[in-house]
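What follows is a short report on a single structure.
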Amino acid sequence: MQKVYTKIESIVGNVVTVKAEGVRSGDLALVGDSYANVIKLDKDLVSLQVFAGGQGVSTTDPVRFLGRPMMVSFSEHLLGRVFDGAGVPRDNGPALTENMIPIGGPSFNPAKRILPKHMIRTGIPMIDVFNTLVESQKLPIFSISGEPYNQLLSRIALQAEVDVIVLGGMGLKYDDYLQFRDTLEKGGAMSHTVMFIHTAADPTVECTLVPDMSLAVAEQFALEGKKVLVLLTDMTSFADAQKEMAITMEQVPSNRGYPGDLYSCLASRYEKAVDIEGAGSITILGVTTMPGDDVTHPVPDNTGYITEGQYYLKNGHIEPFGSLSRLKQNVNDATRDDHRALMDGMIRIYSQYKESLEKKSMGFLMTEWDEKLLKYGELFESKLMDLSVNIPLEDALDLGWEILAECFEPNETGLKTSLIKERWPKKDALD
Amino acid sequence: MDIITGHVTGVNGNLIKVDFEGSVRKNEVGYIIVGDNRLKGEVIRINNGVASMQIYEMSDGIKVGDPVEFTGELMSVELGPGLLTQVFDGLQNPLPKLAEQCGFFLERGVYLDPIPDRDWDFTPKVQVGDTVVAGDTVGTVPEGIFTHQIMVPFTTKGEWKVKSIVGEGSYNVRSTVCVITNDKGEDKELSMVFSQPIKQAVKNYEERLRPDEPMVTKIRCIDAFLPVAKGGTFCVPGPFGAGKTVLQHLEAKNSSADIVIVAACGERAGEVVEVLKEFPELEDPKTGRSLMERTIIICNTSSMPVAAREASCYTAVTLAEYYRQMGLDVLLLADSTSRWAQAMREMSGRLEEIPGEEAFPAYLESTIAAFYERAGKVRLKDGRTASVTIGGTVSPAGGNFEEPVTQATLKVVGAFHGLSRERSDARKYPAIHPMDSWSKYDGVVDRARVEEARSILIRSNEINQMMKVVGEEGTSSEDYIIYQKGELLDAVYLQQNSFDPIDAVCPPERQRVEFDRLYDALTKTYSLEDKKDIRAFFNQLRQEFLDWHGTYFETPEFEAQEKKVTDFYMAKVAD
Chain H
1 MQKVYTKIES
11 IVGNVVTVKA
21 EGVRSGDLAL
31 VGDSYANVIK
41 LDKDLVSLQV
51 FAGGQGVSTT
61 DPVRFLGRPM
71 MVSFSEHLLG
81 RVFDGAGVPR
91 DNGPALTENM
101 IPIGGPSFNP
111 AKRILPKHMI
121 RTGIPMIDVF
131 NTLVESQKLP
141 IFSISGEPYN
151 QLLSRIALQA
161 EVDVIVLGGM
171 GLKYDDYLQF
181 RDTLEKGGAM
191 SHTVMFIHTA
201 ADPTVECTLV
211 PDMSLAVAEQ
221 FALEGKKVLV
231 LLTDMTSFAD
241 AQKEMAITME
251 QVPSNRGYPG
261 DLYSCLASRY
271 EKAVDIEGAG
281 SITILGVTTM
291 PGDDVTHPVP
301 DNTGYITEGQ
311 YYLKNGHIEP
321 FGSLSRLKQN
331 VNDATRDDHR
341 ALMDGMIRIY
351 SQYKESLEKK
361 SMGFLMTEWD
371 EKLLKYGELF
381 ESKLMDLSVN
391 IPLEDALDLG
401 WEILAECFEP
411 NETGLKTSLI
421 KERWPKKDAL
431 D
Chain U
432 MDIITGHVTG
442 VNGNLIKVDF
452 EGSVRKNEVG
462 YIIVGDNRLK
472 GEVIRINNGV
482 ASMQIYEMSD
492 GIKVGDPVEF
502 TGELMSVELG
512 PGLLTQVFDG
522 LQNPLPKLAE
532 QCGFFLERGV
542 YLDPIPDRDW
552 DFTPKVQVGD
562 TVVAGDTVGT
572 VPEGIFTHQI
582 MVPFTTKGEW
592 KVKSIVGEGS
602 YNVRSTVCVI
612 TNDKGEDKEL
622 SMVFSQPIKQ
632 AVKNYEERLR
642 PDEPMVTKIR
652 CIDAFLPVAK
662 GGTFCVPGPF
672 GAGKTVLQHL
682 EAKNSSADIV
692 IVAACGERAG
702 EVVEVLKEFP
712 ELEDPKTGRS
722 LMERTIIICN
732 TSSMPVAARE
742 ASCYTAVTLA
752 EYYRQMGLDV
762 LLLADSTSRW
772 AQAMREMSGR
782 LEEIPGEEAF
792 PAYLESTIAA
802 FYERAGKVRL
812 KDGRTASVTI
822 GGTVSPAGGN
832 FEEPVTQATL
842 KVVGAFHGLS
852 RERSDARKYP
862 AIHPMDSWSK
872 YDGVVDRARV
882 EEARSILIRS
892 NEINQMMKVV
902 GEEGTSSEDY
912 IIYQKGELLD
922 AVYLQQNSFD
932 PIDAVCPPER
942 QRVEFDRLYD
952 ALTKTYSLED
962 KKDIRAFFNQ
972 LRQEFLDWHG
982 TYFETPEFEA
992 QEKKVTDFYM
1002 AKVAD
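Respectively, the protein sequence lines represent chains H and U.
When you line the first sequence up against this note's numbering, it's residues 1 to 431, in that order.
When you line the second sequence up against this note's numbering, it's residues 432 to 1006, in that order.
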């Protein structure tokens, strides 16, 4: 029994209200041809958020309640497809209606979580060697508009050793979306990728649905035993969309106009990252652009409290300082025996290089040691930090040793003698 | 008594408006019946005959007209033997049991009995005819390493006489062990379990005492410089990534409390998992048993419903007060109180209350104060002392301590351990800022000498700032020595090597020896030639101290290294 209501009482922003009975909170409805969901009930007044926006909605448009919450179809057929925030195909493929699952489902029971202990190889040395990505980790990529964060994400999508990739795009420029699609198609990764793309020109409400859609699908894949990597870009657009909607709903803003529940909003999405005992896992990488490069802005700030570390993407590379994968110590003792020591050692020397560089720029005299450091820094930046480098972890570690051997005597590295004996590439230098 | 019922008239997020008939109390619990689910909620406001309820679950699927049942009871927890070692959510739902029943995900509307259904060996402590009041012990059962007292419910009013009491033996936790009667002839059956409203402080003790005994954490920086007292309160604000949670976990592991309650309130689930997997493996230094046997975890992580987050802090403190009534020292660690405050803010916004600073409600300060005031050292009616110590982390927005939650907390706590981004970036552990932080309690070493050491630190810091402008050349040797002394104090006393099994935990006796030696070294005058000499001397002295920290306490190596340290600096002391 689908009753049609034809008298819309008010239209404010993307929110319309209609008098109706028997409507449940969170239910889906059709306003004209656009989907909408119920966000507030007050006696017989029902407030609906129209996904396509309030523009052009007429007070006599028919409102039909579908009697079910927002759902997304889940099956193997999703792979290789592109959808918008409401789940409507963006490619020219058919709409999927089989096996519908609700989005924004309940939270994972903490007692059923297991300690994460598998690394995800990405072939990017700055991640694999220095800030290892771990299965079930949630990590933001803190960046600034203009930085190549989307290129970084597509590289990770191409190279990461996972079973399924779910890409959630929020507020993307249309050419960024095309670039994602083309790169993944060319690289052959599209066959195990699902995309939910909201572009900047699409209605705001759809933007807020993208993470939920992506994560609901990811969760189902993970329950089937798949290792899923969810890439979200850009979470700041998501937060801004939440802000826009909260203000329309006349909620009291808390900090710089963002709603008071921003933390919970972000956390309930990021917390979907999980390693399921006896099944698969969900790992989340979310780009968060920092307005004005300000890490204390509410979005990166709240994100930082939720996630397990962060990558800073600055000047086209992942910064060795500040970037941190908090779970790396769970895995990098099992990769190779020299991993931890080499990682710490190389970063320590790199920080000395930075000091020398500063001295140089101030016109101080360069000592022999400074020259060595400068050479090291250049090699480090070009061979390891460059984002286009794609080598397995073991090769990257070997490369690290080679760079060290090219610049320094073994005793200058501060590494343990036993390790140097085993790994130093120029054996004649050891005598 | 008839059940008061009502029906839903409005839904706004997790705020539900309910029309009702009959009498409804503020803060009483009600259930909204949605299909087969019963969703728990609490009445938080009654306005023009309409009750506003916050529900502890997701509100999807609720419709206008859904029936509501009121219970007449305030939001309560169940108290009884078997609470220790358990993992609860904010509403005292045992999470492992919930997982057995519902699988991987938290299903809404499922509420399980928090008290395990089992038999306990009961020993009566009263006789028929004895007079008892609320909080009096009627018997005991052994719970792990503790003697768990079965008490007259804390909310019982007036004097009661024991009418019957069972003999020694094994009884089910829910079976009646004692019947009491009052002068009006009313009977009351007591089992080993009773319920206690979570927002009412338990006050069944003789008097509150001043917190004067240190709560040892085995972290030098805290125990000597920024001590926490048993029955005191402390807060740990810090920006993200500064190590708040790690510090709390260490306190949970090493503190000298009998029972530790960890309330993970609105934080990551992953961190709770670390505690869950790690604690059962660790040994309690006091008893040699598994650390989990003295621990209760209340876990309402960030993705779980917000209203239950607010309840979780109160649930935790009520459990703490319960064990305090048994003469135990309880440490409650709440991580993070900012998330709890944010939960209040969300609710306040939905209620359309006039917002205060950063949209926090105006009652933020008084609510935080009332929560911390539930800590305290008390003398129980049988003369024993017991305590609840509360330590809360604060996650200030942008790492800025000026925000309302940090400021409201600072007003009411006895110690402030502010974490600093600079120190944590420099890998200085623990990242507690030694100069900004403060404590009003007495620690394990003499306060006057600690103050003297701290003044060296402050002076050293000033000189360091000055040196940044005038350079090392422009600094006098005397000043440079003070600067180096401050650095030494920081490096060898305030910092601890958490990867070194010996240095990671520093018992108070050792702290005193280490502090005395360092104090002696700091207060000597040295005759050193130039800056290079000074630097070399202090570098070497630091190395000697650090080597000393790596030796086992009260062994010949320890004494030998202490002598080496002493000889080294005494050789340079000016006449």
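A virtual CB, placed ideally from N, CA and C, is assigned to each residue, including glycine.
Distance, Cα to Cα, residue i vs residue j?
i	j	result
U:Thr768	H:Val230	30 angstroms
H:Leu209	H:Gly32	20 angstroms
H:Pro106	U:Leu537	6 angstroms
H:Lys43	U:Val449	10 angstroms
H:Leu215	H:Arg155	21 angstroms
U:Glu1008	H:Pro291	With chain U running from 432 to 1006 in the structure shown, residue 1008 of chain U is simply not present.
U:Arg810	U:Val819	12 angstroms
U:His848	U:Ala738	28 angstroms
H:His198	U:Ile581	60 angstroms
H:Lys243	H:Lys112	33 angstroms
U:Leu515	U:Gly461	28 angstroms
H:Leu115	H:Asn332	14 angstroms
U:Phe665	U:Val647	13 angstroms
U:Glu777	H:Gly260	6 angstroms
U:Gln532	H:Asn109	11 angstroms
U:Pro584	U:Asp921	50 angstroms
U:Ser606	H:Glu9	59 angstroms
U:Asn831	U:Pro670	8 angstroms
Under the three-state reduction of DSSP, which class applies to residue i: helix, strand or coil?
i	result
U:Asp548	coil
H:Glu406	helix
U:Gly830	helix
U:Lys448	strand
U:Glu459	strand
U:Thr824	strand
So with Cβ pairs under 7 angstroms, would you call residue i a contact of chain H?
i	result
U:Phe535	yes
U:Cys730	yes
U:Phe802	no
U:Arg776	yes
U:Asp526	The question names Asp, but residue 526 of chain U is Leu in the sequence shown. By this cut-off, U:Leu526 is an interface position.
U:Phe968	no
U:Pro861	no
U:Lys829	The displayed chain sequence assigns Gly, not Lys, to residue 829 of chain U. So, interface residue.
U:Thr726	no
U:Asn443	yes
U:Pro398	The structure shown has nothing for residue 398 of chain U, since chain U only spans 432 to 1006.
U:Val481	no
Taking 7 angstroms as the CB-CB limit, is residue i close to chain U?
i	result
H:Ala267	yes
H:Pro106	yes
H:Asn109	yes
H:Arg348	no
H:Leu28	no
Per DSSP, residue i forms a beta bridge with which residues?
i	result
U:Phe553	U:Gly600
H:Tyr258	H:Asn255
U:Thr390	Residue 390 of chain U is absent from the model: chain U starts at 432 and stops at 1006.
U:Val593	U:Ile611
| message | Taking beta-carbon pairs under 8 angstroms, can you tell me which members of the segment 491-511 of chain U lie near chain H? | response | Listed by position, the residues of the segment 491-511 of chain U near chain H (Cβ gap below 8 angstroms) are Asp491, Gly492, Ile493, Lys494, Val495 and Gly496.
| query | Name the residues in the segment 735-768 of chain U whose C-beta lies less than 7 angstroms from a C-beta of chain H; which are they? | reply | Those would be Met735 and Val737, in chain order.
| task | Using a Cβ-Cβ cut-off of less than 7 angstroms, give me the residues of the segment 165-199 of chain H that come near chain U, in sequence order. | result | none
| query | Using Cβ-Cβ distances below 8 angstroms, what residues of the segment 971-987 of chain U are close to chain H? | reply | Taking 8 angstroms as the cut-off between beta carbons, none of the residues of the segment 971-987 of chain U comes near chain H.
| message | Under 7 angstroms, CB to CB, which of the residues in the segment 237-265 of chain H have a partner in chain U? | response | Gln251, Val252, Pro253, Ser254, Asn255, Gly260, Asp261, Tyr263 and Ser264
| What residues in the segment 291-323 of chain H have a beta carbon less than 9 angstroms from any beta carbon of chain U? | So the list reads Asp294, Val295, Thr296, His297, Pro298, Asp301, Asn302, Thr303, Gly304, Tyr305, Ile306, Thr307, Glu308, Gly309, Gln310, Phe321 and Gly322, given in the order they occur along the chain.
| query | In chain order, what residues of the segment 534-563 of chain U put their CB closer than 7 angstroms to some CB of chain H? | reply | Phe535, Phe536, Leu537, Glu538 and Arg539
| query | Mind listing which residues of the segment 704-719 of chain U have their C-beta closer than 8 angstroms to chain H's C-betas, in chain order? | reply | Val704, Glu705, Leu707 and Lys708
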